[in-house]
Each structure stands twice: as C-alpha cells, then as structure tokens.
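Residue numbers (our numbering), protein chains in the order written: chain W, 101 to 202; chain U, 101 to 202; chain P, 101 to 202.
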Amino acid sequence: MSETGFKRIEIVTEALRAKQVTDILDKAGATGWTMLPVLSGKGHHGVRHSGDPSGISDTVMIVVIASAEHAQNIMAKSDAILAGRTAILAVSDVTVIRKDRF
Amino acid sequence: MSETGFKRIEIVTEALRAKQVTDILDKAGATGWTMLPVLSGKGHHGVRHSGDPSGISDTVMIVVIASAEHAQNIMAKSDAILAGRTAILAVSDVTVIRKDRF
Amino acid sequence: MSETGFKRIEIVTEALRAKQVTDILDKAGATGWTMLPVLSGKGHHGVRHSGDPSGISDTVMIVVIASAEHAQNIMAKSDAILAGRTAILAVSDVTVIRKDRF
C-alpha cells in the first residue's frame, strides 16, 4: 500500500479559474485533488487579500497527489494551468499510502 | 536548530473523522499537527464540497511534521488513519527549523 | 520554464505575527508567499483552535516557494520568524513551473 514515485503538485491560482484548472487536472488523469482556501498572498502582481465582496481577488491552493505518469500529463498542460494572473506550480516527490490504487 | 531526516505527512480526511485521526497521531508520538480547512475535493467517491449545512461532506487536511521515528509509528497506523471514505496520506522529506526539540 | 533547486518553506505561526513574518520574507527577497487559514493545531503549548472571538489563538500557515538563494536568506532569519509561541518552519525541495522568473 505504500508506493513511491508519486508527485505532489501544488498550484496557487485565482478562485475564478479554479474550475478551469481542475478540469485540466481531471483530463490529465488525476484521480483526485484537494482545494484549500487562501487568506492572502503576494506574487508578481502585489499582495492580494481574499474576502472582498466581489471575490475577484480570491485565491485558492489546489494540491494534487499524482502518479509519475499523471504528473507528467499535468505538467505538459502547465501553460493552460498557469494562464491566470496569479499562478504558480510547484512539484515535489512523495510516498503515498492509500487504500485504493491511483 | 536545523535538523534533517524529518517527514512531512499530509492527510486528507473527513472532518467528522478528524479527532479520531489526531488521536492516532498523538498516540504515535507526534509532537504537533496543523489542521487546514478544505473548500472542495475530488477522490474516488467523486467531488465533495465543504459548507453544506449538514457538514457531512466537510473535509480537512492535517499536516504533521514528525521525526523519522514518529513518522514510522504514524505510518504503521495508516489502516486506522485511512479508515474513512475520503482518505489519502502522502509523505515527503523535510528539514525542520524550530526552537524546541521534537 | 521548469526549474529545479527551489525550496518550499512552510511556516506555521500565530495570525497576530503573520505580518511580521511576511515582512521578513519580503526583506529576504521572497518574490511570493501564500497564507492559508488554520482550523486548529497542536504544538508545544497544547491544542489551539481558531475562531474564538478574540482571535488571539488564530494560527496561519504561510507557504513560500523560493530560489535556493532566497531560501537561504529566509532561513538565516529563522530566529526572528520563530519568535512567536506557535512556530515551526519546514523546508523541502521543489521543482517550479511558472511564467515569470523568480
């Protein structure tokens, strides 16, 4: 049940683009992802705070644990994933323990 | 103060099971953990959104930074940790800087 | 656009100290950071729950993706970053994909 060779992909992007990004992840074969709320962030466009009434500056973090193959598919789509204003994608190695198979 | 050989364990599970999971972590010797809210997630049971009035589909992410020894204790309990419907456990290597010892 | 040698630095600290910590990150050259809300956490001072009216026990997680050079600057300031009661800093290796340069 403990499997090495997996990748943890962390994406920070605008909430307005979140569905677009998870659609890309789904098409790339990701069997799962987790979306976390973000309080505030700083990037190339300055500091952004979530929670203003328009919601236009809201940001989310999407975490994907993917097999090496699915991770490669996802990274091949990085241009589309990173199309927004606020966008970063960071990849690290993880070992996964899980009941079901990826 | 900078110590290598630590593990970062990331667990995504149902909010209803969170206390059960942190009890297992505490018994395994984890000196600390951090619980983050989750907006939505996709897994083997489809997409789940937090925030419905029942709270029944709420999910949390629990992050544990543990010594190699404590991490091994935690991973030995992975069956109990992953007993819920929504559950994944991913482990990565980290270097830790901290005032207190683990 | 895919660059290795980056560090992911994860800091858990009190919400009241968050601005102090991000100021240190900015001065150390970090081009960006992401601040996440925390529901609850356990550390050397026991269990803390966010959301009490005073806000005094609120905790945040700050994630920084930094070049090796900026990460070294940040870690050189770890004493100031970890000055609070609740504080931990964990560092891992990441590969970064991003439109802009760090």
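Positions of the beta carbon are idealized from the N, C-alpha and C atoms, including for glycine.
Residues from the segment 129-148 of chain U in contact with chain P, defined by Cβ distance under 9 Å: If the cut-off is 9 Å between Cβ atoms, the segment 129-148 of chain U has 130, 131, 132, 133, 134, 135, 136, 137 near chain P.
Partners in chain U for residue 195 of chain W, counting only beta-carbon separations shorter than 8 Å: As a position in the first sequence, residue 195 of chain W is number 95, starting the count at 1. Per Cβ cutoff of 8 Å: 190, 191, 192.
Coil, strand or helix - residue 193 of chain U by DSSP: Counting from 1 along the second sequence, the entry for residue 193 of chain U is found at position 93. Here residue 193 of chain U sits in strand by DSSP.
Minimum length 4: unbroken alpha helix (DSSP H) runs contained in the segment 152-178 of chain U: With a minimum length of 4 residues, the continuous alpha helix (DSSP H) runs that stay inside the segment 152-178 of chain U are 168-176.
Closer than 8 Å at the beta carbon, the chain U residues around residue 122 of chain W: As a first step, residue 122 of chain W is located in the first sequence; it is residue number 22 there, counting from the start. Going along chain U in sequence order, the residues near residue 122 of chain W (Cβ under 8 Å) are 142.
Pick from W:129, W:139, W:104, W:102 that is closest to residue 114 of chain W, judged by C-alpha positions: On the first sequence, residue 114 of chain W is found 14 positions in, with the first residue counted as 1. Out of W:129, W:139, W:104, W:102, W:139 has the C-alpha closest to the C-alpha of residue 114 of chain W.
Inter-residue spacing [alpha-carbon to alpha-carbon] between residue 179 of chain W and residue 126 of chain W: The sequence position of residue 179 of chain W within the first sequence is 79, counting from 1. The sequence position of residue 126 of chain W within the first sequence is 26, counting from 1. If you take the alpha carbons of residue 179 of chain W and residue 126 of chain W, they lie about 16 Å apart.
Assigned secondary structure, residue 204 of chain P (DSSP; H/G/I helix, E/B strand, else coil): One cannot answer for residue 204 of chain P here, as it falls past the ends of chain P, which runs 101 to 202.
Contact with chain P by residue 164 of chain W, beta-carbon distance below 7 Å: Here the question's residue 164 of chain W lines up with position 64 in the first sequence. Taking Cβ atoms only, chain P never reaches closer than 7 Å to residue 164 of chain W, which makes this a no.
Chain-order list of residues whose beta-carbon lies under 7 Å from that of residue 182 of chain U (same chain, five-residue window excluded): Here residue 182 of chain U refers to the residue found at position 82 of the second sequence. Here the set comprises 189.
Residue 198 of chain W in three-state terms, based on DSSP: Counting from 1 along the first sequence, the entry for residue 198 of chain W is found at position 98. The answer is coil: DSSP assigns residue 198 of chain W none of H, G, I, E or B.
Enclosing beta strand (DSSP E) for residue 108 of chain U [first to last residue]: On the second sequence, position 8 is the one that residue 108 of chain U refers to. From DSSP, the beta strand (DSSP E) with residue 108 of chain U extends over 102-114.
Host beta strand (DSSP E) of residue 141 of chain U (start-end): As a working note, residue 141 of chain U is residue 41 in the second sequence. Its beta strand (DSSP E) spans residues 140-143.
8 Å CB neighbourhood of residue 122 of chain U in its chain, flanking five on each side removed: For the purposes of this step, residue 122 of chain U is identified with residue 22 of the second sequence, where counting begins at 1. In its chain, beyond the 5 residues on either side, 133, 135, 162 have a beta carbon closer than 8 Å to the beta carbon of residue 122 of chain U.
Spatial neighbours of residue 155 of chain W in its chain, beta-carbon cut-off 8 Å, leaving aside the 5 residues before and after: Within the first sequence, the letter at position 55 stands for residue 155 of chain W. So the list reads 115, 116, once near-sequence residues are dropped.
Other residues of its chain near residue 74 of chain W: CB distance less than 6 Å, five sequence neighbours each side excluded: A question about residue 74 of chain W goes unanswered here, because the residues of chain W that appear run from 101 up to 202.
From W:187, W:174, W:144, residue whose alpha carbon lies closest to that of residue 124 of chain W: Position 24 of the first sequence, counting from 1, holds the residue named residue 124 of chain W. Measuring from the Cα of residue 124 of chain W, the nearest candidate turns out to be W:174.
Under 7 Å between C-beta atoms of residue 145 of chain U and residue 108 of chain U: By 1-based counting over the second sequence, the position of residue 145 of chain U is 45. By 1-based counting over the second sequence, the position of residue 108 of chain U is 8. The answer is no: Cβ separation not under 7 Å.
Reference residue 111 of chain U; option with closest CA among U:128, U:150, U:159: The residue labelled residue 111 of chain U in the question sits at position 11 within the second sequence. Relative to the Cα of residue 111 of chain U, the nearest Cα in the group U:128, U:150, U:159 belongs to U:159.
Limits of the unbroken beta strand (DSSP E) element including residue 184 of chain U: Taking the second sequence and counting its residues from 1, the one referred to as residue 184 of chain U is at position 84. Run containing residue 184 of chain U: none; DSSP gives neither H nor E here.
Cβ shell of residue 149 of chain U (< 8 Å), same chain only, five flanking positions each side left out: Position 49 of the second sequence, counted from the first residue, corresponds to residue 149 of chain U. Contacts found: 139, 140, 157.
Nearest neighbour of residue 187 of chain W, chosen from W:170, W:143, W:128, W:131 [CA to CA]: Against the first sequence, residue 187 of chain W aligns to sequence position 87. The closest CA to that of residue 187 of chain W, considering only W:170, W:143, W:128, W:131, is found on W:143.
Burial state of residue 193 of chain P, where buried means 16 or more other Cβ atoms lie within 10 Å: For the purposes of this step, residue 193 of chain P is taken as the residue at position 93 of the third sequence. Taking a 10 Å sphere around the C-beta of residue 193 of chain P, we find 16 or more other C-beta atoms and assign the residue as buried.
Residue 128 of chain W classed as buried or exposed, judged by whether at least 16 other C-beta atoms fall within 10 angstroms: Position 28 of the first sequence, counting from 1, holds the residue named residue 128 of chain W. A residue is called buried once 16 or more other Cβ atoms fall within 10 Å of its Cβ, and residue 128 of chain W is buried on that count.
Partners in chain P for residue 112 of chain U, counting only beta-carbon separations shorter than 9 Å: As a position in the second sequence, residue 112 of chain U is number 12, starting the count at 1. Within 9 Å Cβ-Cβ: nothing; residue 112 of chain U doesn't reach chain P, min ~13 Å.
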